[in-house]
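Undergrad: Can you read through this structure? Questions will come right after.
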Amino acid sequence: MTPRWLILCLLPLAARAQVDPFIGTTVSAVDTRWGNDGGTYPGAVAPNGYAQLTPETRPDGGYDYRDSLIYRFSCMGHHSGFPGGSAGRFFVMPLAAAAKAATTAPVAAPAGAQPAGSHARPFSHGEEHATPGYYRVRLTDDNTLVEAVATPRAGVFRFTFAPGVTPRILVEDTARAAFRFSVQPLTHTGNIYTFPPVKTLLLTIGVSATDGEGARRNMDAECNAPFDTLVKRARKQWAQKLNAVTIDDNDKAKTIFYTALYHSLLLPWIISDVDGRYRGADNKIHQAKGHPEYGGFSPWDTYRTLNPLRAWLYPSLESAIARSMMDVYRQTGRLPAGPMTGNHAIITLVDDYRKGIAGIDSAELSAAVQIPTKERDVAVFGQKGYIPSNYPESVTRTLDYAYDKEIINQFNRVDNVRTQFQLFDPQTLLLLPRYGDTLNRHPGNGGYKEGDTWGYSYFMPQAPDELIDLMGGDSLFAGRLDSVLTDGRVLFDNETILHLPYFFDYAGRSDLTQRHVREILEQRYRDIPGGLPGNDDLGAMSSWYVWSALGLYPFCPGRPSYAIGAPLFKEVHAKNWRIRSNASRKNRYIQAIRINGKPYRQATISHAELKKGGTIDFLMGPAPGPALYHANPKPPRFTITGVSLEAPLIAGSPARIGFVIHKTGPGMGTFHVRLWADGKILATHNATMYQSDTLRFDTLSFRLYRPGPVTLRLDSSATAIHADVRVPDGPQPSAEVTGLDALPLTPIGTKASVKLTVRNPGWEARALYIPVLKDGQQTTTDTVTLKPGEEAPQNLNITLEKPGIHQIKIGGQKTTIKAYATPEEATILDIEGRYDGKPLDLPTTHLGESLTMMCWVYPTERRSEDIFTLGDYNVLQASGGSLTFFAGGWGRGDCTVDLPGDWIGRWHHIAGVCSPDGLRLYIDGELKKYTPLGKTSLDYPDGIWMIGRNFEFPGERQFQGQVASPAIFLTALDGGAIRARASKTP
């Protein structure tokens, strides 16, 4: 049997596009923070098809490649790449002979169990196959073969039964849908249709955004041929799309590439019927005029990579989509903003217009982009130029609105004053939440949408030169961004940071762009079910792979140009370009570029140049070549004069050096001042200057420890200071201990890990003896030998034999550790009685891998409410008719169950339990759901535990009712312990 991963979309053209629809159908094979699975589905779908015929392997919806049961097939509503995007509606299921008469599967199921009354049936991946437009699987309990083929608005299931099987088909949730069988059913009971014994049975379905009649017309028009003919049609239709790019290379990355291109062609959906009718954004029926109508927009997800990819490879498709977005504007008075922040339909449409995409009227677009989104903070942004931190997602929204505003101003040829720099912190060189004149330097994730300060501080693609200048210039900017990407402070797993690897092109370090892009292509994407680095989000992450493998990237949509990366394949034909290289695993750095035979040295290429077509030749090598050129038109220049030492130098004592910084050139910039002592960096200081051609009187503090002569020099200064470091009177000072840190809980009899940093503040190398006190009694002595001024981290292990809280004191620093004997004693919070809702003063780091959070609640309203939270990371939340628990971030999965019918107006005990194997959610002592998850850390720096609200969403999602007896355990309590707590009245 042909292995699943070798199945090809057999194309009738020169190149075979290798597509594996199973890529992205389970948890990511790499670490992620903002979504832990691709969210894709393997079923049959046409390009941008409104019908998607796909299996679901989870009782509460969706497909996961790790599973071995199919609960149902769903036929529409799949948002490929969204969390839960493999779940849909309009359900179909062939029933096993012993199936019961129940028509729906229960929402919750214990771990590994098949829920009673469900229609789940076993299958094997060895008997499962998928290619674009076609899917099949054999159900192993009675050898029923299920095949599916899709057209844009309809599809067909073909069921092949073993001898002796009585066919029984479940069909339900058929709103705005239609279906028919090839054989007349014998009986029809509820949603179950029973047929006489036949070998083959066809079920044809149609879907529509308008009504059932539209679905029937779609079905009749598109499924008017035998099943195998429809498969050939689907294959040909996908071939025409996928062969927009042909690859002459045997690299296995071709499968990843063509699957990424396939995923880029699933959304938005065609929502107009075959007769042109469609349900518009105003919920009225309209008639499509001159183009098929598309819907299901989420511009925040698609403007960065997906829309620009279509604008280049599929301009007629992008034209229809752009005109559909303008139709939304005509119907509602606003462009489609989607569910996220900002209104990036503006960026998409301006980008399309500037690239010559047909069908966009300049005057109408100019009017459309002036209308703000409905968010309540847009007016605040207009008044202040930024969003204060007492609004949710303040940094993200500031940056989104600023980007939109700049693109609008460029479109209207209006000069823009870039206001997002009001969030810039000269001390940390980061963009931080701001309230009044105060910047929050420890925000956690407060102020950010699906990200943090490291990722969003670089979210300024519309102003790369200004941001680089403000962050200290090319060298400092590139060095720190390289460190951020290398050490994992930013993981490549979400749209907000897709442009980061290409930022080096604008800082004179194109070699770092080439290195990081190639590492991401090779390490973060794979040809396995877990091969996507996080949620694909309608094809956004897949589109990044397509661009990057070709060696280009739309760094700033809205501006028609592309950053140059490094191609992955030896020869590619894309649109009207032939892209050739000697790329290999070893050859990943550009040595030279030739476009149509002429040398090319720039780090970017315009869309106008791209439209011309021709040949791009990349000469690659194993080591960095000459840097590609990017001109910063107005970089500031800094010099230093007036250097003076403010006082004599005493070993170990603070000293200061004064100087004057001269800035020449317009605009803002930061000078990274470095103080050198005998050729080594002694201290640094960031001096941010906002005005043109200015002076700044400044000082820099430092310490020297070794006695004797020293030569001091500052960057950009011709002055050197020669001085002597004197020995102070008196004995050498005691060791300095800082950063004392310990796990807050440890089991009795185990060694508690304690970390600290020790410095020798004296002027001689020596052994330092540091007593370690436990509960006031010295237990041991830490000994370390250090040079003058040297510091070193230390790790100590302290055994705690008795239960309870113990105080640890080392070198004047104190911390406490609680030793526990049973899981129920591993508490960092356990409050008796009612709670008044103030923030909880609790540790947020060192939460480990297990957690239990619980409380009693008395709800008075049914709406979206945060009940018990640590940011948007560890959360118990009621939303509408559901209760949700997640830990370690919502992106890795959650437990969501229906609220009990008596939720309002009485006390309920709720508990969420996280262990390395998954999540469990209890209501009134009863386990309602288990969600298996991969192992993760629950640590959350700088967060705040809160009852009845969430510090990441000030003023929103506040719980209406009372809360009592909140408790947090750093262990996973079992069902018995949960029931014992739930048995006590609040």
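Going from the sequence shown to the working numbering is simple: count from 1 and add 9.
Backbone N, C-alpha and C define an ideal beta-carbon position, used for all residues, glycine too.
Being a predicted model, the structure only gives us computed values, none of them experimental.
1) On the DSSP bridge list, what partners appear for P718?
2) Could you tell me if Y312 is buried or exposed, where buried requires 16 or more neighbouring beta carbons within 10 angstroms of its beta carbon?
3) Among all the DSSP beta bridges, which residues are the ones paired with F877?
4) Which first and last residues belong to the beta strand (DSSP E) in which P975 is found?
5) Rounded C-beta distance between A331 and G368? I'm assuming under 8 Å.
6) Assuming L879 and G952 form a contact by the criterion Cβ under 8 Å, report the distance between their Cβ atoms to the nearest whole angstrom.
7) Please report how far the alpha carbon of I659 lies from the alpha carbon of Y638, in whole angstroms.
8) Fully enclosed by the region 20-69, which beta strand (DSSP E) runs are 3 residues long or longer?
9) Assign K414 to one of three DSSP states: helix, strand, or coil.
10) Expressed to the nearest angstrom, what Euclidean distance is found between the alpha-carbon atoms of N2 and F468?
11) From the DSSP output, in three-state form, read off G857 for me.
12) Can you find the residues in the same chain that come closer than 6 Å, C-beta to C-beta, to R533, ignoring five residues on each side of it along the sequence?
13) May I ask you to report which of helix, strand or coil DSSP gives R242?
14) What number of angstroms, rounded off, separates the C-alpha of A114 from the C-alpha of P68?
15) Can you tell which of G842, V736 and R990 has its C-alpha closest to the C-alpha of E833?
16) Roughly how many whole angstroms lie between the Cα atoms of F82 and P563?
17) I think G539 touches V36, with their Cβ atoms under 8 Å apart; what is that distance to the nearest whole Å?
18) Who are the Cβ neighbours of R705 in its own chain at under 8 Å, not counting the five residues just before and after it?
19) Tell me where the beta strand (DSSP E) around Q822 begins and ends.
20) For the alpha helix (DSSP H) containing P308, list its first residue and its last residue.
21) When every heavy atom of the ligand MG is checked, does at least one fall within less than 7 Å of the C-beta of D461?
22) Quick check on the DSSP output: the alpha helix (DSSP H) that includes H272 runs from which residue to which?
23) Going by alpha carbons, who is nearest to P963 out of E402, D258, D948 and I280?
24) Are the CB atoms of R185 and A60 within a distance shorter than 8 Å?
25) Is V216 closer than 8 Å to M85 when the C-beta atoms are compared?
26) Are there 16 or more other CB atoms within 10 angstroms of the CB of S557, so buried, or fewer, so exposed?
27) If we ignore side chains and look at the alpha-carbon of each, how far apart do V682 and T693 end up?
28) If you draw a straight line from the C-alpha of R443 to the C-alpha of I588, how long is it?
29) What is the DSSP secondary structure of G121, counted as helix, strand or coil?
30) Pick out whichever of I416, K414, I477 and L507 has its Cα sitting closest to the Cα of G460.
31) Whole-angstrom Cβ separation of I265 and Y303, contact assumed at under 8 Å?
32) Residue ranges of each alpha helix (DSSP H) run of no fewer than 4 residues wholly in the region 485-539, ordered along the chain?
33) Could you give the C-beta distance for A187 and A224, rounded to a whole number, given that I count them as a contact under 8 Å?
34) Of the residues P566, L721 and P812, which one's Cα is nearest the Cα of F420?
35) Starting from N227, trace the alpha helix (DSSP H) both ways and give me its first and last residue.
36) Between G142 and Q246, which are expected to be in contact by the criterion C-beta below 8 Å, what is the C-beta distance as a whole number of angstroms?
TA: The structure says:
1) D733
2) buried
3) L885 and I956
4) G970 to F978
5) 6 Å
6) 5 Å
7) 47 Å
8) 61-65
9) helix
10) The first residue shown for the chain is 10 and the last is 995, placing residue 2 beyond what the model contains.
11) coil
12) V39, F501 and P542
13) helix
14) Only weak support is given to the placement of A114: the predicted model assigns it a pLDDT of 38, under 50, and the question is left unresolved by the model.
15) R990
16) 37 Å
17) 6 Å
18) V669, I670, K672, A696 and M698
19) Q822 to Y829
20) P308 to T311
21) With respect to the ligand MG, the structure shown offers nothing to examine, as it has no ligands at all.
22) A262 to H272
23) E402
24) no
25) yes
26) buried
27) 5 Å
28) 46 Å
29) Confidence at G121 is low in this model, with a pLDDT of 35, below 50, so its placement is unreliable and no value can be given for it.
30) L507
31) The Cβ separation is near 27 Å, so there is no contact.
32) 519-532
33) 4 Å
34) P566
35) G221 to E231
36) 7 Å
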